Amino acid sequence: MKLHFNREQTLRLLEHSRSATSRLPSGEQLFDPQFLKAGAPTRAYARAEDIDGTKIPAGLWLVGDDGIYLMSNGPDHPKNPETGKNAAVYAVECDPKADPDNWWFIKRSAFGGDDGCEFLDASAIQAACDATAPDPLVWFEVTPTSISVPMLQPASPKPKRAGRKKKGG
Numbered sequence: 367m368k369l370h371f372n373r374e375q376t377l378r379l380l381e382h383s384r385s386a387t388s389r390l391p392s393g394e395q396l397f398d399p400q401f402l403k404a405g406a407p408t409r410a411y412a413r414a415e416d417i418d419g420t421k422i423p424a425g426l427w428l429v430g431d432d433g434i435y436l437m438s439n440g441p442d443h444p445k446n447p448e449t450g451k452n453a454a455v456y457a458v459e460c461d462p463k464a465d466p467d468n469w470w471f472i473k474r475s476a477f478g479g480d481d482g483c484e485f486l487d488a489s490a491i492q493a494a495c496d497a498t499a500p501d502p503l504v505w506f507e508v509t510p511t512s513i514s515v516p517m518l519q520p521a522s523p524k525p526k527r528a529g530r531k532k533k534g535g
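Residue numbers (our numbering): 367 to 535.
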C-alpha cells in the first residue's frame, strides 16, 4: 500500500537526524554488532547503553502502532508545539486523528498486526523526496514484509552523433 507523508515535515525530521552527532538505535540495530561500543559485552540482544550512537546512520523510523508515522532517530526529538510530544509525520492514510474509524484497518493492512519500528536510511528518504518532487507528499510502498521507495531513473546518455570527416584536410 502506498503511504503518503508531508514532504516538508519529512525533510525537517530528516535534517534533525542528519545534524545529530549521535543517533538512537532501532530495535533491529540493537542486534547488529557493528553498532556496539568498543568493549561492550557480547549478548544476543544489546542494551541501549551498549550501543555507540555515533555509529548509527542518519535516517528516520517508520513506526506502526497508533497509526503509521515517521520519526527522527536523532536524540532530543523535536517536539510537536501543540502536544509537547515527539514530532511525528503521520501517513495521510493512517492518522488516528484524521480517520479515527479506519486507521487501525489500514495500519494492519500496510504494516501488519504487530506494532513495530523500521529504520529507513537517510539516502533512501532523500531519494524518495527527490523522485516525487514537486508533489507536496512523498510516498513509500509499505507491506507487512517489505518497504520500498520511489527512485529517480538515471539520466539516459545522450546519443553520440557521428561526426563528418573533412575531405582533403
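Ideal Cβ positions, reconstructed from N, Cα and C, are used throughout, including at glycine. In this text, all values refer to a predicted model and were calculated from it rather than measured experimentally.
Can you find the residues in the same chain that come closer than 7 Å, C-beta to C-beta, to residue i, ignoring five residues on each side of it along the sequence?
| i | result |
| --- | --- |
| ASP431 | ASP481 |
| SER475 | MET367 |
| ALA453 | LEU379, HIS443, PRO444, LYS445, ASN446 |
| GLU394 | PHE485 |
| LEU402 | ALA412, ASP416, ILE417, ASP418 |
Kindly list the residues whose CB is nearer than 6 Å to the CB of residue i, restricted to its own chain and excluding five residues on each side of it in sequence; keep chain order.
| i | result |
| --- | --- |
| CYS460 | GLY433, ILE434, TRP469, ILE472, LYS473 |
| PHE477 | GLY430, ILE434 |
| LYS451 | none |
Which whole-angstrom value is the C-beta distance of residue i and residue j, which I expect to be below 8 Å?
| i | j | result |
| --- | --- | --- |
| LEU369 | ALA464 | Not really, about 13 Å apart at Cβ, beyond 8 Å. |
| LEU390 | GLY419 | 7 Å |
| LEU518 | ASP496 | 6 Å |
| ALA493 | PHE506 | Wrong, their Cβ atoms sit about 11 Å apart, outside the cutoff. |
| ASP416 | ALA404 | The pair is not a contact, with the Cβ atoms about 11 Å apart (cut-off 8 Å). |
| VAL515 | ALA490 | 5 Å |
Starting from residue i and walking both ways along the beta strand (DSSP E), at which residues does that stretch end?
| i | result |
| --- | --- |
| LEU396 | From DSSP, LEU396 is part of no beta strand (DSSP E); its letter is neither H nor E. |
| LEU428 | 425-431 |
Could you pull out every residue in the same chain whose Cβ sits closer than 8 Å to the Cβ of residue i, ignoring the five residues on either side in sequence?
| i | result |
| --- | --- |
| GLY535 | Only weak support is given to the placement of GLY535: the predicted model assigns it a pLDDT of 49, under 50, and the value that follows is read from those uncertain coordinates. Excluding positions up to five away in sequence, the list is empty. |
| SER385 | GLY440 |
Stretch pair the segment 494-501 + the segment 368-386: three plus CB contacts closer than 8 Å: Taking one beta carbon from each stretch, the segment 494-501 and the segment 368-386 have 3 or more pairs nearer than 8 Å; the two touch.
Stretch pair the segment 483-498 + the segment 412-432: three plus CB contacts closer than 8 Å: yes
Length at least 3, wholly inside the segment 466-513: the beta strand (DSSP E) runs in chain order: 482-487, 503-509
The segment 384-403 in contact with the segment 439-454 per 3-pair CB rule at 8 Å: These segments touch.
Beta strand (DSSP E) runs wholly inside the segment 435-464, at least 3 long, in chain order: Counting whole runs of 3 or more residues, the segment 435-464 contains no beta strand (DSSP E) stretch at all.
Start-end ranges of the alpha helix (DSSP H) lying completely within the segment 367-392, minimum 4 residues: 373-385
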